[in-house]
Amino acid sequence: MLRLDGVWKSYRVRGRDKEVLRGVDATVRKGDAIGILGRNGAGKSTLMRLIAGVEHPNAGRIHREMSISWPLGYGGALHSNLSGADNVRFVARIYGRPVDWTLGFCEEFAELGEHMRMPVRTYSSGMQSRLALALSLAVDFDCYLVDEMVAAGDARFAGRGREELMARRGRAALILVSHSEELVRNFCTSAAVLQDGKLHFHEDLDQAFAAYRAL
Amino acid sequence: MRPGPILPEPSLSRSLRVQFNVLGALIMREMHARFGRENLGYVWLFVEPMILAGCVATLHHIAGHGLPGGLAPFPFYVLSYTPYYLLRSIVTRASTALEANAPLFYHARVRLHDVLMARTILECAAVLVALSIFLTGVGIVTGNWPRDPLGIAMGLVLMALLMHGIALLVASLGVLGAHNVDRIVHPATYLSLPASGAFFMVWWFPAEMQQMILWIPTVHIYEFVRHSYYGDVVPFHYDLLYLGAWILVTNTLGLVALRAARPHLET
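If you read the sequences in order, they're chains D and R. For reference, each letter of the first sequence is one residue, going 1 to 215 in full-length UniProt numbering. For reference, each letter of the second sequence is one residue, going 1 to 267 in full-length UniProt numbering.
And the structure:
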């Protein structure tokens, strides 16, 4: 289970505190697939980073009782001076996964071939997101954070990533951040709207979309 | 075969294992990133402090400065410079350690403190290996062997622990918006060299000055390390309890500061 308890986050912009999140409460259980809708700048990415533990809230608490992926769709999780293979080894060691198995899985899934031995800074953004997705699937998290789509990369690969994530929905939770209704409808069973720094949950997808459109 | 799912960490033994995995992974990664896999690779980790300490010691040896009490000068300067190298490498890298490693914090298991700990362990291990090679060389060439090698190693570990506490404070200040902390840390580490006790011994000074000098924590480390090397040939002054108190206080304050800095780290 993942629980957010009155989470606040502000950033200092030109000497003034800008509040992005003002008391977000949420509970996510295994098997949930939640879409988070919000306009640009509503704080969707900030929320993902806090859930992942990349950044920390100014107030409130995040209780993580399951393993949570980093936000997928950013290259941020990879170290640009290390080769793809060294990145895989590093992440496998962090999560106590068998290194050779993880490497094999990523080589097969990300289809990077020779590039696995090259530094990540030489990768295209599509290659980076393929590797990041492969790596997160290899680790096998309880909860996946997916930012705006793993659609970077070619269409065929996006389809495969989508399939793999869909296949895990039963045993893993999924949190998808997007401003596309279609994506949320394809992936999620419930949705919430992030507005004015607060998260409003709707059990029914149509209700959530109506609220989102009314913004 | 696909390995089983990873579980969250409810028990102490599991969280210890996670900590162990994370530290091991960070140390390996730091070594890959800093030294690469090609050329001499990891060898540089040991060669760098050896070259510097070796040059300083040789210069003093050639200049022929005799030391009070007839202590052998070459090991004296090696034991001056290697702990200082440790001091400098742990503290100066701390100011940028957190921001430079932002990608690491995409993994919820990696805590700020893990990154700094991995660096301290790596630096300490490198200096220990370099010093062992050195002192073995000195022993073979001159026939002077350390009286208590374990004491020397312990002195370096104490230096690493003390500097780790200071590094925690420096790293936290860097995150808390004091971006020019870097500009102060670099000159400060150089200026600290004459005061640190690297090039003098406490018994060279009159009694009332000794009391003042002994307020400086690193002086105790140098005295302890030299005592372990030379044995009871000249008077040594140190108090490991006083040093321990410094280590405890700096590390506690450092951890508190790091906690305060955490929400301000922008990635």
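We treat Cβ as the ideally placed atom computed from N, Cα and C, and that holds for glycine. Since the model is a prediction, treat every value here as computed from it, not as a measurement.
Give me the chain R residues within the contact set of L176 of chain D, using Cβ-Cβ distance strictly less than 9 Å, ordered along the chain.
Neighbours of L176 of chain D on chain R: none; closest Cβ ~18 Å, over 9 Å.
Buried or exposed for R61 of chain D, going by 16 or more other Cβ atoms inside 10 Å?
exposed
Contacts of G151 of chain R in chain D (Cβ-Cβ under 9 Å):
Within 9 Å Cβ-Cβ: nothing; G151 of chain R doesn't reach chain D, min ~34 Å.
How is the alpha helix (DSSP H) around V54 of chain D delimited, first residue to last?
Element bounds for V54 of chain D: n/a, residue is neither H nor E.
Any C-beta of chain D sitting closer than 9 Å to the C-beta of M264 of chain R?
Residue 264 of chain R is actually His in this sequence, not Met. Yes, because at least one Cβ of chain D sits closer than 9 Å to the Cβ of H264 of chain R.
Three-state secondary structure assigned by DSSP to C143 of chain D
strand
Nearest-angstrom Cβ-Cβ length linking L79 of chain R and Y229 of chain R, presumed shorter than 8 Å:
6 Å
Going by DSSP, what residues sit across from S190 of chain D in a beta bridge?
D:I34
Delimiting residues of the alpha helix (DSSP H) encompassing G197 of chain D:
First-last for G197 of chain D: undefined, no H or E at that position.
Report all residues from its chain with a CB closer than 7 Å to the CB of Y77 of chain R; omit the five preceding and five following residues, and keep chain order.
V56, A57, H60
Between L2 of chain D and H63 of chain D, is the Cβ-Cβ spacing less than 9 Å?
yes
Near-chain R residues of the region 70-86 of chain D - C-beta to any C-beta below 9 Å:
W70, P71, Y74, G75, G76, A77, L78, H79, S80, N81, L82, S83, D86
For L253 of chain R, is the beta carbon positioned less than 8 Å from some heavy atom of the ligand COA?
The ligand COA is not among the ligands present in this structure, which contains no ligands whatsoever.
Under the rule that 16 or more other beta-carbon atoms within 10 Å means buried, what is T27 of chain D, buried or exposed?
exposed
Using 8 Å as the Cβ pair cut-off and three pairs as the minimum, do the region 190-198 of chain R and the region 83-90 of chain R touch?
Cβ pair count under 8 Å is three or more, so yes.
Which of the three DSSP states is assigned to S136 of chain D in this structure?
DSSP places S136 of chain D in helix when its eight states are reduced to three.
Pull up the CB-CB distance for H220 of chain R and Y242 of chain R, whole angstroms please, since I reckon it's below 8 Å.
6 Å
When the distance is taken between beta carbons, is G38 of chain D closer than 9 Å to V193 of chain D?
The answer is yes: Cβ separation under 9 Å.
How would you write the range of the beta strand (DSSP E) that I90 of chain R sits in, first residue to last?
Taken as a continuous stretch (DSSP letters only), I90 of chain R belongs to no beta strand (DSSP E), being part of the alpha helix (DSSP H) at 73-100.
Using the Cα positions of A261 of chain R and P68 of chain R, report the straight-line distance between them to the nearest angstrom.
Across the structure, A261 of chain R and P68 of chain R are spaced so that their CA atoms are roughly 47 Å apart.
Am I right that I133 of chain R and M50 of chain R are in contact with their C-beta atoms under 8 Å? What's the rounded C-beta distance?
7 Å
Determine the burial state of K44 of chain D: buried for a count of at least 16 other Cβ atoms within 10 Å of its Cβ, exposed for fewer.
buried
Report yes or no: do three or more beta-carbon pairs, one from the region 195-214 of chain R and one from the region 117-134 of chain R, lie closer than 8 Å?
no
Using a 10 Å radius around the Cβ and a threshold of 16 neighbouring Cβ atoms, would you call A214 of chain D buried or exposed?
Exposed: under 16 other Cβ atoms inside 10 Å.
Count the other CB atoms within 10 Å of the CB of F20 of chain R; is the residue buried (16 or more) or exposed (fewer)?
exposed
Take Y222 of chain R and list the residues in its own chain whose beta-carbon comes closer than 6 Å to its own, dropping the five residues that flank it on each side.
G197.
Can you give me the C-alpha to C-alpha distance between G126 of chain D and L137 of chain D, rounded to a whole angstrom?
17 Å
Have a look at D:D86, D:G76, D:L4 and flag the residue whose alpha-carbon is nearest the alpha-carbon of D25 of chain D.
Per the Cα distances, D:L4.
Should E55 of chain D go down as buried or exposed, given a rule of 16 or more other Cβ atoms within 10 Å for buried?
buried
Assuming L258 of chain R contacts L112 of chain R under a Cβ cut-off of 8 Å, what Cβ separation, rounded to an integer in Å, is found between them?
6 Å
For I216 of chain R, which of helix, strand or coil comes out of DSSP?
coil
Does DSSP put H63 of chain D in a helix, a strand or coil?
In the structure shown, H63 of chain D sits in a strand (DSSP, three-state: E or B).
Answer yes or no: does any C-beta atom of chain D fall closer than 9 Å to that of T252 of chain R?
no
Does the beta carbon of R89 of chain D come closer than 9 Å to any beta carbon on chain R?
yes
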